[in-house]
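Novice:
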Amino acid sequence: MERYDTVVVGAGVAGLTAARLLVAEGRHVLVLEARDRVGGRVWSDRTGSQVIDRGASWIHGITDSPVAAAADAFGMRTMEFTVGGYQPDSRPIAYYGPDGRRLSDAAAQQHIADIHAVDETLARVIAESPDDASYRDVTETALAQQPWDAERLQRVREYLEHRSEEQYGAWIEDLAAHGLDDDEIDGDEVVFPDGYDRLPAALADGLDVRLRSVVTRIAWSEDGVTVRVGGTDFSAATAVVTVPVGVLQSGALEIVPSLPDEVAQPLSRLRMNAFEKVFLSFPETFWDDDVYAIRQQGADSRAWHSWYDLTALHGIPTLLTFAAGPTAREFRDRSEAEVAAAVMVQLRRLYGERAVEPDAVVVTDWQDDPFSHGSYAYMTVGSTTDDHDALATPVGGVLHLAGEATWTDDPATVTAAMMSGHRAASRIAGRNVPIEGLWSSH
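Residues in the sequence shown are numbered from 5 upward in steps of one, following our numbering.
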């Protein structure tokens, strides 16, 4: 049996980051990936007339971002699109009221000001909240402190519900009070017209990556680790495990001995979300000019409330919306045509017969992906922000967990994946390995 210095499980951005940095340190590294491609939840689909990022799409804030630095070094073309976070006013947004009519500029600005007022109160309420508080609990407390009528409060309440779902794919009552602590954007956001997957492809260049290698068992001891794929075992001094929280909780991957409590407990308080993308391409645009996003208010916004104009990416009239939380579960087994029909009902409320039928529809299905069981992890009620970093506590000095769910500052992002992979590599190397090593050769 060939022995490696490190076996990395998972060829997403976290695993490839760890592997690339360790190889640069002169270590013998093997990467095992269950899928038939690298990238994990970074997946650019090129089967249609345009590149569609079914998984990660944005860099949420390029200021001091290692992902932005790597993308630039790898020559990845970007386009500024600063509405990736669910912000009320980051870019021109067309707001539609409960009656389906577009709000006047004054009414939209009042609504935006109300959101900012509640958010200012909310920061204090969250800081004072008990560990078992939900995001619903703290938002209701913040709303109760505003001197507004019921209608005005309801509009902001809806916004807070939508933000919980669109940011973490979780219903507001299921998300921990601190679940959106990281909801801040530092600098512009960008997307990738040529596909985000060019990042993991560049990171994988030159590495020993074995695709279609489903790891079913990891045994660890003070002597090292043994990783099983089918009937083959690979041994190493250390292992970096980057599979998503959903896989760790599914039982499909056996870890022997079981993870110790300091890792198992925070893992038990995280959940994979229900969050799917719906892309609709049209023969012509029918929505407002010069807006980045469309949002509707009221009871009709319960399932479908926000659309993002992606036309500029490829010159094809395209709107992106999200099925999140309860909506994602409700439409889980529906066909793409059925999902599109439900979305179009709402678009026709706003635009009438101008809202023509889409000529192409793509709906993702991360909930049923056996190698993720969801799009990304969120904090359930009772979880704390420390649970993310606690999940990455080294096990027996040989086993290191990494991935978006293991990084506290910016979980659920490619940045978190990259930074967690860097941390794992540094711990194994016994020193702070410069993250610039990922792209310095380019």
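Every residue, glycine too, gets a C-beta built ideally from N, C-alpha and C. Remember, predicted model here, so these are calculated numbers, not experimental data.
Roughly how many whole angstroms lie between the Cα atoms of T384 and N277?
Specialist: In the sequence shown, counting from the first residue as 1, residue 384 sits at position 380. In the sequence shown, counting from the first residue as 1, residue 277 sits at position 273. Cα to Cα, T384 sits roughly 10 Å from N277.
Novice: In chain order, which alpha helix (DSSP H) runs of at least 4 residues are fully inside the stretch 177-225?
Specialist: Listed in chain order, they are 202-208.
Novice: Going by Cα to Cα distance, which pick from E84, S272 and S138 is closest to F196?
Specialist: Locating residue 196 in the sequence shown gives position 192, where the first residue counts as 1. For the residues E84, S272 and S138, the minimum Cα distance to F196 belongs to E84.
Novice: Beta strand (DSSP E) containing G228: first to last residue?
Specialist: Along the sequence shown, read from residue 1 onward, the residue named residue 228 stands at position 224. It spans G228 to V233 - the beta strand (DSSP E) in which G228 sits, taken as one unbroken run.
Novice: Would DSSP call R7 helix, strand or coil?
Specialist: Translated into the one-based positions of the sequence shown, residue 7 becomes position 3. Here R7 sits in strand by DSSP.
Novice: Straight-line CA distance for E6 to A205?
Specialist: Against the sequence shown, residue 6 aligns to sequence position 2. Against the sequence shown, residue 205 aligns to sequence position 201. Straight-line Cα distance between these residues: approximately 26 Å.
Novice: Just to confirm the assignment: which complete alpha helix (DSSP H) runs, minimum length 4, are found wholly within the stretch 7-42?
Specialist: As far as the stretch 7-42 is concerned, its whole alpha helix (DSSP H) runs of at least 4 residues are 17-28.
Novice: Would the beta-carbon of T322 fall within 8 Å of that of V282?
Specialist: As a first step, residue 322 is located in the sequence shown; it is residue number 318 there, counting from the start. As a first step, residue 282 is located in the sequence shown; it is residue number 278 there, counting from the start. Contact: no.
Novice: By how many angstroms is the C-alpha of L252 removed from the C-alpha of A243?
Specialist: Mapped onto the sequence shown, residue 243 falls at position 239. Mapped onto the sequence shown, residue 252 falls at position 248. Straight-line Cα distance between these residues: approximately 15 Å.
Novice: In whole angstroms, what separates the C-alpha of R106 from that of Y380?
Specialist: Within the sequence shown, numbered from 1, the residue matching residue 106 stands at position 102. Within the sequence shown, numbered from 1, the residue matching residue 380 stands at position 376. Roughly 33 Å separates the two Cα atoms.
Novice: Spatial neighbours of H166 within its chain, please: CB distance less than 6 Å, with the 5 preceding and 5 following residues excluded, ordered by chain position.
Specialist: Here residue 166 refers to the residue found at position 162 when the sequence shown is read from its first residue. Within the same chain, H166 has close Cβ partners H309.
Novice: Give the DSSP bridge partners of H404, in chain order.
Specialist: By one-based count along the sequence shown, residue 404 stands at place 400. According to DSSP, H404 bridges with V244.
Novice: Quick one, which of A307, V213, E342 and A328 has its alpha-carbon nearest A22's?
Specialist: The residue labelled residue 22 in the question sits at position 18 within the sequence shown. Selected option, being the one with the closest Cα: V213.
Novice: What does DSSP give as the partner residue(s) for I439 in the beta ladder?
Specialist: Counting from one through the sequence shown, the residue named residue 439 turns up at place 435. Per DSSP, none; premise fails for I439.
Novice: In whole angstroms, what separates the C-alpha of R216 from that of R45?
Specialist: The sequence position of residue 216 within the sequence shown is 212, counting from 1. The sequence position of residue 45 within the sequence shown is 41, counting from 1. Cα-Cα distance, rounded: 15 Å.
Novice: CB A180 to CB G386, shorter than 8 Å?
Specialist: Reading the sequence shown from its first residue, position 176 is the one you call residue 180. Reading the sequence shown from its first residue, position 382 is the one you call residue 386. Against a cut-off of 8 Å, the Cβ pair of G386 and A180 comes out as a contact.
Novice: Quick check on this structure: which residue in D390, S424 and A297 has the alpha carbon closest to the alpha carbon of Q91?
Specialist: Start at 1 with the first residue of the sequence shown, and residue 91 comes out as number 87. Considering only alpha carbons, the answer is A297.
Novice: Taking the straight line between their C-alpha atoms, what separation do you get for R50 and D201?
Specialist: Walking along the sequence shown from the start, residue 50 turns up at place 46. Walking along the sequence shown from the start, residue 201 turns up at place 197. For R50 and D201, the distance between alpha carbons rounds to 11 Å.
Novice: Relative to the C-alpha of L317, which residue among D369, V33, S376 and S53 is closest?
Specialist: Taking the first residue of the sequence shown as position 1, residue 317 is located at position 313. Minimum Cα distance to L317 is reached at S53.
Novice: Might you give, ordered along the chain, the residues of its own chain that have their beta carbon closer than 6 Å to the beta carbon of E340, omitting 5 neighbours on each side?
Specialist: Indexing the sequence shown from 1 puts residue 340 at position 336. Closer than 6 Å at Cβ, skipping near neighbours: V365 and V367.
Novice: Determine the closest residue to L257 out of A240, E170, T230 and D413, with distance taken between C-alpha atoms.
Specialist: By one-based count along the sequence shown, residue 257 stands at place 253. Considering only alpha carbons, the answer is T230.
Novice: How many whole angstroms separate the CB atoms of L442 and A18, which I take to be in contact at a CB cut-off of 8 Å?
Specialist: Counting from one through the sequence shown, the residue named residue 442 turns up at place 438. Counting from one through the sequence shown, the residue named residue 18 turns up at place 14. Contact doesn't hold; Cβ gap of about 12 Å is too wide.
Novice: DSSP three-state label for A327, please.
Specialist: In the sequence shown, counting from the first residue as 1, residue 327 sits at position 323. Here A327 sits in strand by DSSP.
Novice: Taking 8 Å as the threshold, find out whether the stretch 106-123 comes into contact with the stretch 146-154 through three or more Cβ pairs.
Specialist: Segments in contact, yes.
Novice: Report yes if the CB atom of A406 is closer than 8 Å to the CB atom of A396, and no otherwise.
Specialist: Position 402 of the sequence shown, counted from the start, is the residue given in the question as residue 406. Position 392 of the sequence shown, counted from the start, is the residue given in the question as residue 396. Result yes, Cβ atoms of A406 and A396 sit closer than 8 Å.
Novice: Smallest Cα separation from G79: which of P398, I320, E144 and L203?
Specialist: Locating residue 79 in the sequence shown gives position 75, where the first residue counts as 1. When only C-alpha atoms are compared, the closest one is L203.
Novice: Give the C-beta separation of R156 and Q301 to the nearest angstrom, bearing in mind that I take them to be a contact with Cβ-Cβ under 8 Å.
Specialist: Indexing the sequence shown from 1 puts residue 156 at position 152. Indexing the sequence shown from 1 puts residue 301 at position 297. Wrong, their Cβ atoms sit about 11 Å apart, outside the cutoff.
Novice: Considering just the uninterrupted stretch of the alpha helix (DSSP H) at M348, what are its terminal residues?
Specialist: Position 344 of the sequence shown, counted from the start, is the residue given in the question as residue 348. Counting along the chain, the alpha helix (DSSP H) containing M348 begins and ends at E340 to Y355.
Novice: How is M80 classed by DSSP in three states: helix, strand or coil?
Specialist: For the purposes of this step, residue 80 is taken as the residue at position 76 of the sequence shown. DSSP places M80 in coil when its eight states are reduced to three.
Novice: With a threshold of 16 other CB atoms inside 10 Å of the CB of Q350, please say whether the residue is buried or exposed.
Specialist: Counting from 1 along the sequence shown, the entry for residue 350 is found at position 346. Answer is buried; the Cβ neighbour count reaches 16.
Novice: What did DSSP end up calling A60 once you bin it into helix, strand or coil?
Specialist: One-based indexing of the sequence shown puts residue 60 at position 56. Correct three-state label for A60: coil.
Novice: Classify E361: buried if its beta carbon has 16 or more other beta carbons within 10 angstroms, exposed otherwise.
Specialist: For the purposes of this step, residue 361 is taken as the residue at position 357 of the sequence shown. It counts as exposed.
Novice: State whether the stretch 136-143 contacts the stretch 331-339, with contact taken as three or more CB pairs (one from each stretch) at a distance under 8 Å.
Specialist: Counting Cβ pairs under 8 Å, fewer than three are found: no touch.
Novice: Span of the alpha helix (DSSP H) holding A450?
Specialist: Not covered by the structure: residue 450. The range shown for the chain is 5 to 446.
Novice: Helix or strand or just coil, what does DSSP make of V267?
Specialist: In the sequence shown, residue 267 corresponds to position 263, counting from 1. Residue state, collapsed to three classes: helix.
Novice: By DSSP, does S379 sit in helix, in strand, or in coil?
Specialist: For the purposes of this step, residue 379 is taken as residue 375 along the sequence shown, with counting starting at 1. Here S379 sits in coil by DSSP.
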